[in-house]
Structure formats: structure tokens, C-alpha cells
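Engineer:
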Amino acid sequence: MRRLLAYTRKIPRLAFILACTVVTGGPFLWVTAMSVRTTPEILDHPYALPKRLHWEKFVRAWTTANYGSYFWNSTVVVVIAVALVVVIGAMAAHALARYRFCGSGLVRFLILSSMMLPPQMLILSLFQMMFRYGLYNSLSGLIIVYVATQLPLTVYLLESFFAQIPQDLFDAARLDGYSDFEIFWRITLPIALPAVFTTVTLNFILLWNEFLYAVVLLTDNSKRTLPLGIMQFMGGHQLDIGMVATGLMIAILPVILLYAFFSETIIRGMTAGAVR
Amino acid sequence: MKYLIATCAVALVVALWLWRGRAQTDGLTLTIWSHEADEPAKVALREYVARQLEKAHPALRVKITWYEIDGLSTALKTALPAGQGPDVFYIQSDQTDYITNGYVAPLDDLIDWSNIYDWARQAWLIDGKTWAVPQEVYTDELYYNKRLLAQLGFTLPADAQFTQDEFFELVEKARAAGITPIAQGAGDRDFPGAYILTQALLRKLGPEDYGKLFDGTLSFSDPRVADVFRWVKSLVDAGAYPKNFMTMKLAEAHYYFYQRPGAVMLPMGSWYTGRAFVPVDDGGQPPDFPLGIMQFPAMNGGACNECKTRAVGASFAINAASRHKELAAEYLNRMSTPEIGKRWIETVYLQSAVKTDVSSIGGSYGAYYKELMDRQRGAKYFPGDPSDFIHGQCLDTFTQVMNTSFPGGLLSVERAIELMNQGCYTAGDRGAGSAMNP
Amino acid sequence: MATTTVAKQLEVRSANEAPWETLFLFLGPALLIYVAFTLYPVWKTFYNSLYVMTPPHNVQKYVGLGNFVSLLTQDQIFRQAVRNTAVFSVVGTLADVGGGLLLALCLFAKVPLARLWRVVWFTPVLISYVVVGIIWVWIYDYDWGVLNTVLRGIGLGSLAHSWLGDPSTALWAVLLAQVWKWTGFNMIVFLAALYALPADVLGAAELDHCGWTAKLVHIILPMMRPTVVTLLVLSFIGKMMIFDVVWIMTHGGPLWSTETVSTYVYKRAFDWNTFDLGYPSAIAVVWFILILGFVALMTRLLSQRGKLELY
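Sequences listed follow chains A, B and C, in order. Just so it is clear: in the first sequence, position 112 is 112 by my numbering, and no numbers are missing. In my numbering, each number is its position in the second sequence, counted from 1, plus 276. In my numbering, each number is its position in the third sequence, counted from 1, plus 714.
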């Protein structure tokens, strides 16, 4: 009897959980269904399940609708930017965590305080600068800007991880005759690899989704990243909801796939700034 | 140390790769930046002319970069002040700031103007010089569904123009029959929602006062303006527009008109064809769609009921900093031959700024083009829609009020007029230009 | 929270004096990028805010504080944008953090499949605002959007509405999309903090037959104070800068009802067909100073120990 009572008490909560799941997950299922349906089908019955799976829409999106080039641009920009920012950031974090030097407090303060800089403070002048140095409307320019904007967060996270590595390891390495760079390369990085990986995933997702800098700094259709490509299709020449949905899937899929395999790491990465 | 060298080497490679993008315009390449990347007919035509020019000059390469208008404007706004940018670029009438800022070369002596309609050339006449070569010309038209109009028991008068009272009756009857009278939405553009209102203002006030209204020298409180606003308000209240007018996008409005759920009318520039005359699978109108064109309604006591808006659309300018002005001019001349003009009309189904013999226009939409020409008979033209020639705060207010919220039914006549006066009416101490800098 | 351990380690760490070449090697690239692409642009924005770039040929004209004066005294749209952003920041922050706490408590109280729900509820956090914005534009669509379809389905068709087209609902509609995206984030952080709470404290409260609400208010929240403060500040800063979701869903319309400071800066800089970057720079500067002030104030008000965990 008490068990039964306990279960009935739980019903509202379970209903709430179910409702939350429908609200968060439902839209994804909806878009998934739309991505393999054609626009006329969608406009006939927006919520029907696909009668026939129009996989060829993905082929069409990839080739004629340019999503292939958007995807490639996004990949190039994000992979290079994440690689650069993590290497550069890790080196700086290592120096901040390992060495005492005059001005380290200032460096730390500067880097960390710029984490709450509104992008508008940067974007207007970055726009002028990029232009002056011929980096406007180029993927290289966007990569540099991405490295610069993600650097503070990266240094901040890695520094706090690196600082937890026991000092004894470094002393021992030094006695063994390791150079400063070898200490970084052979001790800090391998030991903090999980933390580095967390930082990589965090940066990857933030940059994969980035919109504001991209919309200001890229204009040529052949240079657009995925978020811009989708936006362009949305306000585009023809009404093609089905194709937009296919584009949305192309943008979501890599993130969801990563999430399926590394959900814990990604959750840790995304929340790393708030919980240390 | 090994690592230090390795790091430096990597950094060097990265740096080189980053700077690679800089030097591109060497050699004899004519660069062109154009809007309308997603209008295949226009792309094909401009690329065709480019290939022709390359044939005439074997050492030359003509490279057209295709943009969307927003991207193009941003790119130009940064490139031109730096003395860079393409040799030739797309320009439309709301972008005279490139000219007034001195980034455009005057074309009077560079271009062979004999092929271009004089009035079209006039559109680019600023300070006594001509600054761009017009290619596209369009008029604002009121498209309608012939079958639905007949079904509602209306017959179009011989002059294709209803009076304002007949028009109101049409809206009421359509609504009563459960048909949306006017398909239109203001979700993603700054002009379509205002068509009915601006065209009524043009007919009521006549070209001169209509111009004054938008250059800030005539108040929106003028009784004739208030009359027009009240009439449009009565249409709105009678349910002239779809319920989702506020968020409906331009492409959706087309689909709404000729596919589903269908509407009696669609006010649109004559570039309607760019969306409608494509295969149904790509969002075009059904092949058997009974498309007709009527005049915007005549206003009671209208100063100019035969007035229409005709605007120069796609045009091309030559960068003042270009080193190949002669070649650039040759490209534009080749684009303005009667042959290309005819090709334009037959593939784009839109008027051309090039003097073209329209009597022989064939193709599958020849009948459409003939009806379009019929609607031009006896018309008196005003150049451009307000969104083409107003700027800054006035444009922002126009977009929010006349294009969106007023036809959306959110504002009273008084409030709309008050807001428009705040945004645009600058008579007295401030000139129209200062509306940009509050 | 590891801050204290880090601090301790810093103290006990033996002095690692480094030769300057080493420091240069490690810090050089980061500092170079920082100076060139953060410090310099910020300085440049301050500088630009004192100028008007006027045609022809973009001559810079020094106007001193002129931009600021007209911004603060005359600009009605800016005022509206500030109001909207304030509503967005306050309501959005409370909804995000409150919702996150609710979800976290829900999962913390042992429900079946908690891990699965946690993973599902976190998904929106990973999705780009472009995607989120478009999905929600469709959800709000008047004709075939989910919301109106459901309303019509349950016989409340009269409530069906052009949600993004009506100035009285547009801001809230955008806000909801934003909350949908971020609540999962707060949930995860709260969940981590809940699991970090000492078990005996919660157990003792259980023995006292302490009700759930009382337990929450008197025990759990006070113990999680640093987390709550961090999340409030993070969320608040994020919303003060909100751009993407508004730009994608409404472009600031209708009738400026969703215009935020960020969208207004963007419009003035890139949409108004003027060449002037001075005025938008002034808006950015004013907003930056305001954000700094708010962060300082909130940290002071919300954290008795006067120490913010994040920064």
C-alpha cells in the first residue's frame, strides 16, 4: 500500500519529466522528419511522418544548395581555429600556472577580464582592421578572430587544470634534464589531456555555432559557414522549408554525433566555465 | 630547441597561408561584384556577356563574384573607402552614398548611351553626371488571380483600374467568401507591406507632393495623407491582409498567392517573374495559373490616378579606383546592346533599360509581357519606391510603421501619422540628410 | 570548487623563476594575439566613439562626447532597446536559472532513467542559435506552427496568434526560445553542485522531517550560494549581449518591440547605409561600461563573501 502511494505521489513528477522531454526533444524529431520530406509534403501535413524517405534531399542540399561548401568552410575554420587556440592557450596557461614572474597577475587579470567583453566592443574595429589587412571576407581572417575571442576562456580553463598538477613531477623532470619546452610537451600536456580534450570540445561547439562574427566578416557566398548558409536559405529567394530543414540537420548532425559518443566530456566542457 | 624551431616553422607556414589571400588582383583580370546570385537567368546573362568580352580580348579574364545584396553592401562599404574593390559593381537606387562619397567614376564619356532609354539614364544623374548603367527596369504592379476575381463577381474595367470604393468592396466580398484579398507579408523585406499605401499616396498626392512627403518637406498630417491612411486602415480592418502578415516572408507571399491558400491579389514589383516563372518544384506558379495585372485603384480626388512607380533596378557602376576603366566600360556597353536587351526580356521577363523592340517578344510568357506593356499605356511615372530613396531613421520608421505595423493592424491612423512625422518630417531646421544623425 | 586548492598550490609551489626567453616563448603568441585582436580593437572602439565619419571620403571629425550626448538624450530607439534588453536580462536570467534549478532538483530526487533525461535536456545547449531561432520561428508560425496547431487542436483556436508579429508578445516569444536553449545548461551545473553537497547534511534534514520546500530554501540554496551567484551573473551577462536569437527571429521588430542594444548597434553600423562607425561605437562603449557596473553590483549584492567564483 505504501509503495502504491509512493508511486502515485511520483506521477506528477513523472508527467513533468515527460513533458520536459517532449518539449526539448520534440522539435528535433520534427526537424528530422521534415529534413527527409519535400516542401509540398510539409506544407500539406506539417506533422506527418515521412511517407517516403527523401534521402536525395541531402545530396541536393550538399551539391546544388551549396551546403557542401558551407560545411567545408565551417570545418576548415573551426578545426584550424580550435587547434591554434588550444595550442597557444595551453602554452600561455602553462606559463601562468608554472612560473612566477613579474606581471603575471596583470596578464591573468587582462586575459580573464576580457571574457566579459561584449562582442560589440570588438566587432566594429575588428571589421575595420580585418579590412585594412586584407583579411576581410576571408576564412583566415575569421580564424584569427575566433582564436582571439576564444583565447581568454581557453587560458582560463587550462590554467586552472594545469595548476592542479603536482609540482613534484616538474621538479623531477627538471632533475632529469628536461628543457622548459619538453616539460610542457612531455609532462603538462599528457597529464592534462582530459582537460585539453574538454577544452577542445567546448571550443569546437562554441565556434561551430558562432554567428555574429561570421555574419559581419564574411560576405561572399562561397566563403559562408554553415550558420550563415542556413540563414541565407531562410530569407532566400524561394520558399523551401524542406531544404532549410535538411540544412538544419546538416548543421546539427556533427554536434549530435559527437554528443552521442562523448556526452559526458561535452557536458563537462560546456559547463567548465561555471563549475570548476 | 628542436621544438622551438619546429614551432617557429609551423608559425611561419600558418602566417604565410594567412597572408596568401592578399594579392589576388594581379594580371589582367576584370573583377565584377554582382548581386542576384540566386536568379539563374540574370547570372547566365551577365556571365554570357563576360565570356563575350573575354573572346574579344584573349588575354583578359573576367571574374564575376556573386553576392546577396546585404553581403555585397557590406563588402563595398569596406572596400571602397580603402581604395579597393572590384572594377565594376552592382548598384541599386538606394545606394547613392557610394556616388556622393566619390567612389564611383562618372560614365558620361565612357559609355555609349545611345542604346539606353534616356529616362533610365536620368535615374543615375546626380550633380549633372551619370554614374551607373541601368540594366533592369521594373514597375510596381497589382497582380491578380483572374479566376478568383470572376468568381467574386467582379469585372475589371477597360482601363484595368478600380476606384477606391470598388476596391474596398472587392476586399470585403473576398473576405466574406473566405478568400484572402491581398497576399502580402512584411516578414523579411522593408517595402512589400507598404505597396497599397504608398501607391495610394502617389495617386492621391501626385508625384511632386509624394516626393516631398518622403524628403521631409511635407507633413504626414496633411489632410490628403490622412485620407489615404484612413482608407488603407479601413481595408486592413476589413481583413485585406493575411493573419500572419507581420511575419510572412516575401517568398511565402508569392506561394500564398499562386499556390496555397490562394489570394485575389498580390502587389509586387514586376520582378515578380523571378520567383513565379520557374518550375513549380522550385516554388514557381502553376503553369495554368490565371495571372492578370490590374492598376492600383484610383483615389477619390486623386491628383494623378494614372501615376505609377517605375524604378531602375539592377545597375552597374565603375569603381573610381579601377585601373581598367576602359575595359569595364566595354563590359557595360556589351551588356547594353539591343541583342542583350531582348535576351534579358525573354529570359528574365522583366523590362529592360536597353532600347529594345518589344513587339517581337516571344517565349512562353510572351502574352504576359504584352499585358504588362498594356498596363504601361498612358502611365505617368514616379521614380522608385520610398525604400529606394530614404535613409537612416526615416527608412527605419517607414519599415516599422508603413511597411509593417500599420498594414499589420497594430497602429491607429493618428499614431501611424505621428510616428511617420517623427521619423521623416524634417521641414524647417533640419534637412532630409540630417535624419541620419539624430 | 577548486579555487581554494589552486590558491594553496600557488603558495606552496617552489619558486619557478623562468628565463625571459622561456616566458616569451610560452606567453608570446597569446599576448601578441591578445594585444592585436582584443586590446587594440577595444581601444579603437573607444577612440572611434569620439568621432563621426562623414562623407565624402570618410573624413573623421572629432565630436568629443557628442555621440554620447545625442545617444543618451535624444535617441528613442536606444531607450526602447535598453528597456527590452533589461526585460530580457532580468526575466530571462530568472527563468533560466529558476528553470535549471527545478529540473536539477527533479533529477536529483532519484527518478528512473535520470541519466537519459539529463542527456536529452542538455541537447538544446549544443545547438546553434541559428538552428534554434529557425525552429522557433516555425513553432510560432501562424498557419502551421506547433503552438497554434496545439491551441486549435484543444479548442482554444481563438487564442491562436501571430506570436512574433504582435509587439505585445514578440519579446516574450523570443525570450522563451532563449530559455529553451539555456535551461539545460543551468540544470547541469546545479546538478553537479547538488551532488557535491555533503550527504550528511541532507540526511540530517531528512530526519528532522523537513519539507522539501523548507529544505530547499534553508539548506540547499544557501549551501549552493556560489553556484547560484555564478549562474546568475553568467546568464545575466550573456543576455545583456543578446544578439543572435533576436536577429534570426525578428530583426528587432515589430515596432522595435524586440530591439536589443546589440541588434541596434549592428543596425546602425551595417544596416543604415551610412559610413559612420562612430555612433555605434559610442553605443558599444556605453553598454560595456554598464555591463561592467552591473557585474560589479551583482557580485557585491549576491555574494556575501564578496568573491565571485568565475572571475
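For every residue, glycine included, the Cβ atom is placed at its ideal position computed from N, Cα and C. All values derive from a computational prediction rather than experimental measurement.
Quick check on SER310 (chain B): buried or exposed, where buried means 16 or more other Cβ atoms within 10 Å of its Cβ?
Structural biologist: When all chains shown are included, SER310 (chain B) counts as buried.
Engineer: Using alpha carbons as the reference points, say which of B:GLN398, B:GLN571, B:PHE467 and B:TYR657 lies closest to ARG651 (chain B).
Structural biologist: Of the candidates B:GLN398, B:GLN571, B:PHE467 and B:TYR657, the one whose C-alpha sits nearest the C-alpha of ARG651 (chain B) is B:GLN571.
Engineer: How should PHE261 (chain A) be labelled, buried or exposed, when 16 other C-beta atoms within 10 angstroms of its C-beta is the threshold for buried?
Structural biologist: By the 10 Å Cβ count, PHE261 (chain A) comes out exposed.
Engineer: Can you list, in chain order, the residues of its chain whose CB lies under 8 Å from that of LEU821 (chain C), leaving out five sequence neighbours each side?
Structural biologist: So the list reads ALA828, TRP831, ARG832, MET901 and LEU905, once near-sequence residues are dropped.
Engineer: Within 8 Å (strictly less), CB to CB, does LYS519 (chain B) reach chain C?
Structural biologist: For LYS519 (chain B), the answer is yes, since a Cβ of chain C falls inside 8 Å of its Cβ.
Engineer: Between the segment 595-611 of chain B and the segment 385-403 of chain B, are three or more C-beta pairs nearer than 8 Å?
Structural biologist: Yes, since at least three Cβ pairs between the segment 595-611 of chain B and the segment 385-403 of chain B fall closer than 8 Å, the two stretches touch.
Engineer: Does any C-beta atom of chain C lie closer than 8 Å to the C-beta of PRO50 (chain A)?
Structural biologist: With 8 Å as the cut-off, PRO50 (chain A) does not count as an interface residue toward chain C.
Engineer: In the segment 675-692 of chain B, which residues sit with their C-beta less than 7 Å from some C-beta in chain C, listed in chain order?
Structural biologist: Answer set for the segment 675-692 of chain B: GLN676, THR680, SER681, GLY684 and LEU686.
Engineer: Is it buried or exposed, ALA1010 (chain C), if we count other Cβ atoms within 10 angstroms and call 16 or more buried?
Structural biologist: Burial call: exposed.
Engineer: Using the C-alpha atoms, what's the distance from PRO334 (chain B) back to THR837 (chain C)?
Structural biologist: Each residue's Cα considered, the two are about 56 Å apart.
Engineer: Nearest chain C C-beta to ALA272 (chain A) closer than 8 Å, yes or no?
Structural biologist: ALA272 (chain A) does not count as touching chain C.
Engineer: Taking one C-beta from the segment 872-885 of chain C and one from the segment 845-863 of chain C each time, how about it: are there three or more such pairs within less than 8 Å?
Structural biologist: Segments in contact, yes.
Engineer: Could you pull out every residue in the same chain whose Cβ sits closer than 7 Å to the Cβ of VAL215 (chain A), ignoring the five residues on either side in sequence?
Structural biologist: Excluding positions up to five away in sequence, the list reads LEU228.
Engineer: With distances taken Cα to Cα, identify the nearest neighbour of ILE616 (chain B) among B:GLY559, B:VAL634, B:TYR366 and B:LYS601.
Structural biologist: Closest option to ILE616 (chain B), Cα to Cα, is B:VAL634.
Engineer: Flag PHE101 (chain A) as yes if its beta-carbon sits less than 8 Å from any beta-carbon of chain C, otherwise no.
Structural biologist: Chain C contact via Cβ: present.
Engineer: Buried or exposed for GLU264 (chain A), going by 16 or more other Cβ atoms inside 10 Å?
Structural biologist: Exposed.
Engineer: Looking only at C-alpha atoms, which of A:SER114, A:ASP240, A:LEU153 and A:PHE161 sits nearest to ALA37 (chain A)?
Structural biologist: Reading off the sequence shown, one finds Arg at residue 37 (chain A), where the question assumed Ala. Cα-wise, what sits closest to ARG37 (chain A) is A:ASP240.
Engineer: Within 10 angstroms of the Cβ of ASP675 (chain C), are there 16 or more other Cβ atoms? Answer buried if so, exposed if not.
Structural biologist: The structure shown has nothing for residue 675 (chain C), since chain C only spans 715 to 1025.
Engineer: ALA593 (chain B) by DSSP, collapsed to three states: which one?
Structural biologist: Three-state DSSP puts ALA593 (chain B) in a strand.
Engineer: Starting from the beta carbon of THR350 (chain B), find every residue of chain C whose beta carbon is closer than 9 Å, and list them in chain order.
Structural biologist: Residues of chain C passing the Cβ test: PHE984.
Engineer: Pick out whichever of C:PRO994, C:THR1013 and C:THR964 has its Cα sitting closest to the Cα of SER125 (chain A).
Structural biologist: It is C:PRO994 whose Cα lies nearest to the Cα of SER125 (chain A).
Engineer: How many angstroms separate the CA atom of ARG327 (chain B) from the CA atom of VAL338 (chain B)?
Structural biologist: In a straight line, the C-alpha of ARG327 (chain B) is about 7 Å away from that of VAL338 (chain B).
Engineer: When you compare only the Cα positions, how much space is there between TRP507 (chain B) and THR350 (chain B)?
Structural biologist: Using only the alpha carbons, I get a separation of about 39 Å.
Engineer: Taking only beta-carbon atoms, is ASN221 (chain A) less than 8 Å away from chain C?
Structural biologist: Chain C contact via Cβ: absent.
Engineer: Return the residue from the list C:LEU808, C:LEU840 and C:THR759 that minimises the CA-CA distance to VAL895 (chain C).
Structural biologist: In the sequence under discussion, the amino acid at residue 895 (chain C) is Lys, which differs from the Val named in the question. Closest by alpha carbon: C:LEU840.
Engineer: State the beta-bridge partners of GLN774 (chain C) as determined by DSSP.
Structural biologist: DSSP lists C:MET767 as partners of GLN774 (chain C).
Engineer: Are the segment 678-692 of chain B and the segment 471-483 of chain B touching, with three or more C-beta to C-beta distances below 8 Å?
Structural biologist: Output reads yes: the segment 471-483 of chain B touches the segment 678-692 of chain B.
Engineer: Measuring only the C-alpha atoms, how far is TYR393 (chain B) from PRO362 (chain B)?
Structural biologist: Near 26 Å, if we compare the C-alpha coordinates of PRO362 (chain B) and TYR393 (chain B).
Engineer: To the nearest angstrom, how far is it from the Cα of PRO537 (chain B) to the Cα of ILE455 (chain B)?
Structural biologist: Taking the straight line from one Cα to the other gives about 8 Å.
Engineer: With a threshold of 16 other CB atoms inside 10 Å of the CB of VAL82 (chain A), please say whether the residue is buried or exposed.
Structural biologist: That one is buried.
Engineer: Suppose contacts are defined by Cβ-Cβ distances below 8 Å. Is TYR532 (chain B) in contact with PRO543 (chain B) by that definition?
Structural biologist: No, these two residues do not count as a Cβ contact at 8 Å.
Engineer: Would you list the residues sitting across from ALA587 (chain B) in a DSSP beta bridge?
Structural biologist: For ALA587 (chain B), which the question treats as bridged, DSSP gives the partners B:TYR414.
Engineer: Do you know how far the Cα of ASN581 (chain B) is from the Cα of ILE1003 (chain C)?
Structural biologist: If you take the alpha carbons of ILE1003 (chain C) and ASN581 (chain B), they lie about 55 Å apart.
Engineer: Based on the DSSP secondary-structure assignment, which residues constitute the bridge partners of ILE340 (chain B)?
Structural biologist: Partner(s): B:ILE308.
Engineer: For a contact defined as C-beta to C-beta under 7 Å, what are the partners of ARG37 (chain A) on chain B?
Structural biologist: Those within 7 Å of ARG37 (chain A) in chain B number zero; the least Cβ separation is about 14 Å.
Engineer: Determine, using beta carbons only, whether GLN150 (chain A) and LEU206 (chain A) come nearer to each other than 8 Å.
Structural biologist: Yes, Cβ-Cβ distance for GLN150 (chain A) and LEU206 (chain A) is below 8 Å.
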